[in-house]
Structures are given as structure tokens and as C-alpha cells.
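For the sequence shown, full-length UniProt numbering assigns the number 1 to the initial residue and increments by one for each residue that follows.
Okay, structure first, notes after.
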Amino acid sequence: MQLSAMFVHPVKSCRGIAFDRAYAGKLGLLHDREWLLVSPDGQQITARAHPKLVTIRVELLPGGALLHHAGKAPIFAMATAYTRPHPAQVWKDGFQAWHGDERVDAWFADILGCDCRLLWLGAQSNRPFKGGPEKMSFADGYPFLLASQASLDDLNRQLAAPVTLRHFRPNLVVSGAYPWEEDEWQVIRIGDVEFDVMKPCVRCVLTTVDPELGEKRADGEPLQTLIRTRMLDAGVCFGMNLRARNEGVLELGAPVEVLEQRYSF
């Protein structure tokens, strides 16, 4: 097995960036989900309710993120401008992040049609990771999301219209496994970095959002098929949530080894 794709999502729910080489740290891949849109009271705004977010392209530049959207002039979110404390809420986690540039807020508000604020995580995250001393990014619950190409291929064989990896917003993609083999993994190593496989990733309506058009599919796919075929104890699942044991550089083509299985026979 090998690492066949990597994606960094600098702004949560906006379009991810494919990388051939990336740094994997305790917060996740470097720059992953370090920006978050929130309502004025700090509640996260995601593509679940605002699917147009997935059409916003993010370009990482030194010092911040250059934001692109069709029909609008690009705008730069400069991290050093984000110095004002602002509450952030990601699911049940409430913590402090940083607010800065109202021009960027207005740029997003014009696209989404709602009052919003762009927040930066900061040089050091204030969000604790549940069950440990580490910190977390703006990700839903775990630093890394892994998907299997074989499992996606198996899912697509059941769909009238195939979906892409971008429907599931993974960070790491593994090729060469059997479909759904990842359910059995407990500890894996990719290159020189070891990962605990924490739990299956529970999926939601976001999987039905077309990543190119920013619109939800009328047929509810691929979620409807996953409901029929991938209802596990945790819920409707695709992909696995990971936590890194150490840090290091990952490159496409790196070998993927299973160090411990979840089940023994």
C-alpha cells in the first residue's frame, strides 16, 4: 500500500489543496483547517448549511491565505492582522481564536449572504484535544482524516453517478488496500510517521455537495447509498480519523504499513 494523495484545507469547508509533499504534525497537515468562518457569536459556519463555500479556492502564500471565487477580485487574509480575541465554537468545543480584517468578512458575506467573521487559529491553538494534552485545529474532532481509494472505488460501483475524493475532504488517501480494509486498522505507519486509527468518520449531508458546483445533489448521493451499506455502530461511516504519534514529512508514494490490527482472528 502507498500514500496516493494528500489534501490540505486551509479554510474549513473551502476547497482543499492537493500536495505531493507535506508536513504532518500533531495538529494535522501543516496549515490544515487553520481558518474558520463563524457567525457573530462564534458558531462555526460550514458547507453543510452554506454549500457555496466549497467553491472558494484558497492559495497559501507567506503570511496568510489568498482567497479566490469566480466573479470576485481575490482578497488576502494576512495572519498578522488577526489579533483580536474572538469566541469560536466547533461542535461542543468552545475556545478562543483570533479575528482581524472586516474586509475579508465582507468578501465572504457577499458570497454566502449572511453575516460572518473569518477567524485564524493563531500561532498556537487554544483548542484542547479531547483525551490528551495536545491541541486541535478547527477540524471537526481529529487531526487527520484518511480515505481508501479502494473503498471509494467500491462505493462508486454502486452509484449511478460516481463521486470523487473531494466529496469526502480527506487529508490522506491510501491506495493498494482491499475495500473497507481500513476498518480493521488500529496503528499504521506512513513513511516515518505513525498514526493511531481513532475511529471511523461519521458522514453527513456534506458528502452530497458537488465540490465543483457548490450545490447539494437532488438524489442525496452518495449519502443514501452509504446509509444502506455503511451503517456502523458509530453511524454512517466513510474514512478513518487519525492521530499522529510523531511528526514528519509525508510524500506521495510513501509506503503504508499496518502495525496493529483492531481485530484478531
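C-beta atoms are modelled at their ideal positions from N, C-alpha and C, and glycine is treated no differently.
Just so we're clear, the structure is a prediction, and the values are computed from it rather than from any experiment.
Candidates the options, of which the one nearest residue i by Cα
i, options, result
"Ile-56", "Met-231, Asp-219, Pro-211, Pro-170", "Pro-211"
"Trp-2", "Pro-222, Val-209, Val-205, Val-173", "It should be pointed out that residue 2 corresponds to Gln in this sequence rather than to Trp. Measuring from the Cα of Gln-2, the nearest candidate turns out to be Val-173."
"Lys-130", "Arg-103, Ser-148, Arg-117, Met-198", "Met-198"
"Ala-79", "Leu-119, Gly-239, Phe-108", "Leu-119"
"Lys-92", "Ala-139, Val-58, His-50", "Ala-139"
"Glu-134", "Ser-39, Gly-25, Leu-259", "Gly-25"
"Val-90", "Gly-64, Asn-126, Leu-159", "Asn-126"
"Glu-251", "Val-193, His-86, Gly-100", "Val-193"
"Pro-85", "Gly-94, Lys-72, His-99", "His-99"
"Asn-241", "Thr-83, Asp-105, Gly-141", "Gly-141"
"residue 276", "Ala-65, Arg-245, Leu-165", "It is not possible to answer for residue 276, since the shown part of the chain is limited to 1 through 265."
"Thr-46", "Lys-12, Gln-224, Gly-113", "Lys-12"
"Pro-255", "Arg-243, Ser-175, Arg-262", "Ser-175"
"Gln-124", "Cys-14, Arg-230, Arg-243, His-31", "His-31"
"Glu-260", "Lys-216, Gly-220, Phe-195", "Phe-195"
"Asp-219", "Ala-160, Leu-146, Ala-234, Val-258", "Ala-160"
"Arg-33", "Ser-148, Ala-97, Phe-108, Ile-227", "Ala-97"
"Cys-14", "Asp-101, Phe-108, Ala-73", "Phe-108"
Where residue i falls: helix, strand or coil (DSSP)
i, result
"His-68", "strand"
"Ala-18", "strand"
"Trp-185", "strand"
"Ile-227", "helix"
"Asn-156", "helix"
"Lys-216", "strand"
"Lys-12", "coil"
"Cys-254", "According to the sequence displayed, residue 254 carries Ala and not Cys. Reduced to three states, the DSSP call for Ala-254 is coil."
"His-86", "strand"
"Leu-27", "coil"
"Pro-51", "helix"
"Val-205", "helix"
"Ala-81", "helix"
Whole-Å CB distance - residue i paired with residue j, under 8 Å assumed
i, j, result
"Ala-88", "Gly-42", "5 Å"
"residue 295", "Ala-77", "Nothing about residue 295 can be reported from this structure: the residues present for the chain run from 1 to 265 only."
"Gln-44", "Leu-53", "Not confirmed; about 11 Å, so no contact."
"Arg-103", "Ile-75", "7 Å"
"Asn-171", "Phe-7", "6 Å"
"Glu-182", "Ser-151", "7 Å"
Beta-ladder partner(s) of residue i, from DSSP
i, result
"Phe-7", "Ala-18"
"Pro-128", "Lys-135"
"Met-240", "Leu-146, Pro-200"
"Glu-260", "Val-187"
"Val-249", "Tyr-23"
Segment limits, beta strand (DSSP E) that includes residue i
i, result
"Leu-145", "144-148"
"Phe-108", "Segment 102-112 is the alpha helix (DSSP H) holding Phe-108; no beta strand (DSSP E) there."
"residue 266", "Only positions 1 to 265 of the chain appear in this structure, which leaves residue 266 out of reach."
"His-99", "93-99"
"Trp-120", "117-120"
"Pro-200", "193-202"
"Glu-59", "57-61"
"Val-38", "35-38"
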